[in-house]
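Worksheet for the structure shown next.
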Amino acid sequence: MAEGYCFKCKAKKEIVEAVEEIMKNGRKAIKGKCPTCGAVMFKILGGKAAAVTPSEPASGQQKPSA
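Counting in my numbering, the sequence shown runs from 145 upward without gaps.
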């Protein structure tokens with residue numbers, strides 16, 4: 145699991161009930177709870193989430209072969 149910093153306990157702790165989320169700016173993050181005090185913990189992960197790329201052109205039209 146992920147390790148984060150609990151601001152209430154002021155110590156590094158293991159994040160329990162961790163859920164991976166994607167923030168508005170496209171970055172990945174982990175949100176969970178502190179095992180000691182139950183405060184919400186949030187850790188921002190490196191890199192952006194992979195964008196979904198369409199496998200076919202959106203127009204559906206193909207160029208005629210010459």
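Where a beta carbon is used, it is the ideal one built from N, C-alpha and C, also for glycine.
This one's a predicted model, so the numbers in the text were calculated from it and none came from an experiment.
Is the distance from the Cβ of M145 to the Cβ of A173 below 8 angstroms?
Within the sequence shown, residue 145 is the residue found at index 1, counting from 1. Within the sequence shown, residue 173 is the residue found at index 29, counting from 1. In this structure, A173 does not lie closer than 8 angstroms to M145 by Cβ.
Could you check if E164 belongs to the surroundings of the ligand ATP, using beta carbon to heavy atom distance under 7 angstroms?
In the structure shown, the ligand ATP is absent, as is every other ligand, since no ligand is present at all.
Under the three-state DSSP convention, the category A183 falls into
Here residue 183 refers to the residue found at position 39 of the sequence shown. Coil at A183, not helix or strand.
Delimiting residues of the beta strand (DSSP E) encompassing G148:
Residue numbering aside, residue 148 sits at position 4 when the sequence shown is read from its first letter. Counting along the chain, the beta strand (DSSP E) containing G148 begins and ends at E147 to C150.
In this structure, how does DSSP classify K156 when only helix, strand and coil are distinguished?
Position 12 of the sequence shown, counting from 1, holds the residue named residue 156. Strand at K156.
8 angstroms contact criterion, which C178 and M185 should meet: CB distance rounded:
To locate residue 178, count along the sequence shown from 1; it is residue 34. To locate residue 185, count along the sequence shown from 1; it is residue 41. Confirmed, Cβ separation roughly 5 angstroms.
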